[in-house]
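Numbering (this note's numbering), first residue to last: 51 to 569.
Think of the CB as a built atom: it goes at the ideal place given N, C-alpha and C, for glycine as much as any other residue.
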Amino acid sequence: MSQQPNSANYRIMTYDSTEEVKLSAGQQLQLLNRREHCFAFVLQQKIKVTLVKKESRISNKAVGGELFLIPPHSVCTLHNAGIQQAEVVLIRFHCERSEEAEDAAELLPYRDSKGLKLLRMPQARSWIQDFQSDCGLSDPALYYQLQSQLYAMAAALLQAVQQPRETEAELISFVEQTKQFMIEQFNLPLDMEELARSSGVSASRFYQAFRSYTGLSPLKYMTKLRLDASMRLLSGTTSSIVDIAHSVGYPDEYYFSRLFKKQMGLAPTEYAQLAKKRVATLVSVFTGDLSAVGMTACASFIKVDNLPREKVLQQLREAEPELILAGPLGEEMHAACSAIAPVLVLEWKSYSWKERLLDISEALGLSSVAERWLTYYDMKVQNARVQLQSSLGDEPILLVHAGQSSFRMFGPRRRKMKDFFYDDLQMASPKSAHQIGFLDTNSLDEIAELGCSSVLFLVPAEASRAYCDQLEESWRRLRQTDQKRRCIFIGYHDRLNYNPTVHDSLIDETVRHLLSSAQ
């Protein structure tokens, strides 16, 4: 059932203007806010902020990269006590209150229990540049963009005030935001040193936290994002090398080509020629193998066994593949598919997905690309092991897939999950599960009887927080005599296929959960 937010509890924010102020050494500037709000962002150096509202007087020091709110009906003094010029960007806006709302001045808070609230957002500098580009001209697209960024700032401020965090938790949150910002804006220039300064901790501490979260340094992570994006463009479009280099953030196409060949073992033109091959998959699991080398299937089936044979063949003919990836096929189906294109049959359930990835990439002439993917994967695995050891030690843990009405417990004899959790991540399995492949049940009681205190639940990414809370409560009740009982929830998207992309996303989710829950 859909739910409508109570609009009486919120305000409508409307962007007004942007102003950049410069404070020379020792200079003070007094800002008198009447009915307007104002976000202030320190571009560089450090300033002392003193804010007086009614009988309240608070102050704080804001440094480059920090954002704070100046509320209406207040007097704010900015003081540059340093010896170098300080710069501050002021973003003014006003709020309209609905008639039903009570006095909502504090619905957009400017302080917390410690005083004036300072906020850090990795995307803030990029947004500030957008606000600075506002010349007062009529540009609807820019206006709506600034409006959305204004609301995002307000949301971040509310979250920071309502959910105060200690320094380490704030750093992990900043790193998580930084990672997402990189994913969304990898094509834009990014100053890593400035990003580190914006974190509020030393550069070495920020780099260490980022590496703990991703398994890579910020520069390596950004490079990987850009080259991964370039592969998708090289394989799926007819764009030139120059255009692709520029579109993924490299203004120098020659540098891009050298970097691409160094990492992939192939020049961009060589890769594009090979990766444009039209490949169809008769098993959905193979799409993850293609994705790892930057390719997309021209036709894909979740499972052909349950489909009319002629329908499958017709779709294959229409897709005009140059290669068909298939699991074991009957003699007639194999012959029919072979009449359309060469068929590579893979006994995918009988051996490791890593070996399968190398087999597929070899057939495509992209072995070096797959090896590069596996190298990055191994780096992430090594990092995840460190986080798991720090969090769990040698404590055994059960692995359970949680559906809406049933559960499947995976034991170390089930290759699908054993390869990742018990081999790659080296999690300890309880002795009671050593001889189990999998156990299907409708009740947690049967799983609890295995005598293990802790459990890792695999849940669909769309599972509600309430569902996870209910699961955790049930588990703790069943294992209430165990002091070390623990629940970990790892979300997954789409299907839990036995392929590279699923394992890669499981690593990200596992590390994210461990680092977030440790704070």
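### Message
Once DSSP output is grouped into helix, strand and coil, what is the label at Asn83?
### Response
strand
### Query
From Pro301 to Ile294, what does the alpha carbon distance come to, in whole angstroms?
10 Å
### Query
With a cut-off of 8 Å, do at least 3 Cβ pairs link the stretch 226-233 to the stretch 167-185?
yes
### Query
For Tyr65, which of Asp473, Phe351, Glu512, Ala202 has the nearest alpha-carbon?
Ala202
### Task
Return the residue from the list Ser198, Val92, Phe470, Ser67 that minimises the CA-CA distance to Arg142.
Ser67
#### Entry: Residue nearest to Arg84 in terms of C-alpha spacing, selected from His123, Arg328, Gly453, Phe118
His123
#### Entry: Nearest-angstrom beta carbon gap, Leu332 and Phe310 [assumed within contact, 8 Å]
Not quite, the Cβ-Cβ distance comes to about 31 Å (not below 8 Å), so this is no contact.
### Message
Beta-carbon within less than 6 Å of Gly501's beta-carbon, same chain only, minus the 5 sequence neighbours each way: which residues are those?
### Response
Ser482
### Task
Go through the stretch 184-224 residue by residue and report every complete run of the alpha helix (DSSP H) that reaches 4 residues or more, in order.
190-212
### Message
DSSP three-state label for Pro446, please.
### Response
coil
### Query
Which partner residues does Asp162 have in the DSSP bridge list?
Gly165
### For His144, the residue or residues it bridges with in DSSP
Thr64
### Task
Determine the closest residue to Ala434 out of Met232, Ser504, Arg562, with distance taken between C-alpha atoms.
Arg562
### Ile62, buried or exposed, once every other Cβ within 10 Å from all chains shown has been counted against 16
exposed
### Message
Between Leu119, Ile97, Glu146, which has its C-alpha nearest Gly132's C-alpha?
### Response
Ile97
### Query
What are the boundary residues of the alpha helix (DSSP H) that Pro550 is part of?
550-567
### Neighbour-count burial assignment, Glu116, 16 or more Cβ in a 10 Å radius
buried
### Message
Three or more C-beta pairs under 8 Å: does that hold for the stretch 447-460 against the stretch 482-492?
### Response
yes
### Task
Taking Met171 as part of the alpha helix (DSSP H), name the residues at either end of that continuous run.
It is not in any alpha helix (DSSP H) - Met171 carries neither H nor E in the DSSP assignment.
### Query
Helix, strand or coil: how does DSSP classify Leu379 here?
coil
### Query
Taking Val393 as the reference, which of His384, Val362, Tyr193 has the closest Cα?
His384
#### Entry: Whole-angstrom distance between His129 and Glu149, CA atom to CA atom
Confidence in Glu149 is poor, its pLDDT being 49 and thus under 50, which makes the residue's placement unreliable; the coordinate value appears in the next sentence. Each residue's alpha carbon lies about 38 Å from the other.
### Task
Mind checking which residues open and close the beta strand (DSSP E) that includes Pro510?
504-510
### Query
What's the gap between the Cα of Asp153 and the Cα of Val505?
The pLDDT assigned to Asp153 is 46, lower than 50, so where the model puts this residue is not dependable; a value taken from the coordinates is nonetheless given after this. Distance between the alpha carbons of Asp153 and Val505 is about 47 Å.
### Query
When you compare only the Cα positions, how much space is there between Phe260 and Gln94?
23 Å
#### Entry: Cβ contact (3+ pairs, closer than 8 Å) linking the stretch 365-376 and the stretch 330-347
yes
### Message
Nearest by alpha-carbon distance to Ala279: which of Leu158, Thr346, Val251 is it?
### Response
Thr346
#### Entry: Every unbroken alpha helix (DSSP H) within the stretch 332-357, with a cutoff of 4 residues, ordered by chain
336-342
### Task
Tell me, to the nearest whole angstrom, how far the beta carbon of Leu119 is from that of Leu207; I am working on the premise that it is less than 8 Å.
6 Å
### Task
Less than 8 Å between the CB atoms is what I'm expecting for Leu316 and Val419, so what's the real figure, rounded?
7 Å
### Query
In whole angstroms, what separates the C-alpha of Pro159 from that of Leu101?
13 Å
### Task
List the endpoints of the continuous beta strand (DSSP E) containing Leu494.
That residue, Leu494, is in no beta strand (DSSP E); its alpha helix (DSSP H) goes 494-498.
### Query
In chain order, what residues of the same chain lie with their CB nearer than 6 Å to the CB of Ala155, ignoring the 5 residues before and after it?
Note that Ala155 scores a pLDDT of 45, beneath 50, so its modelled location is shaky and nothing firm can be said.
### Message
Can you list, in chain order, the residues of its chain with a C-beta nearer than 7 Å to that of Gly570? Leave out the 5 residues immediately preceding and following it.
### Response
What is shown of the chain runs 51 to 569, which leaves residue 570 out entirely.
### Message
To the nearest angstrom, how far is the alpha carbon of Leu275 from that of Glu320?
### Response
20 Å
#### Entry: Beta-bridge pairing of Phe457 - partner residues as DSSP gives them
Ala452, Thr491
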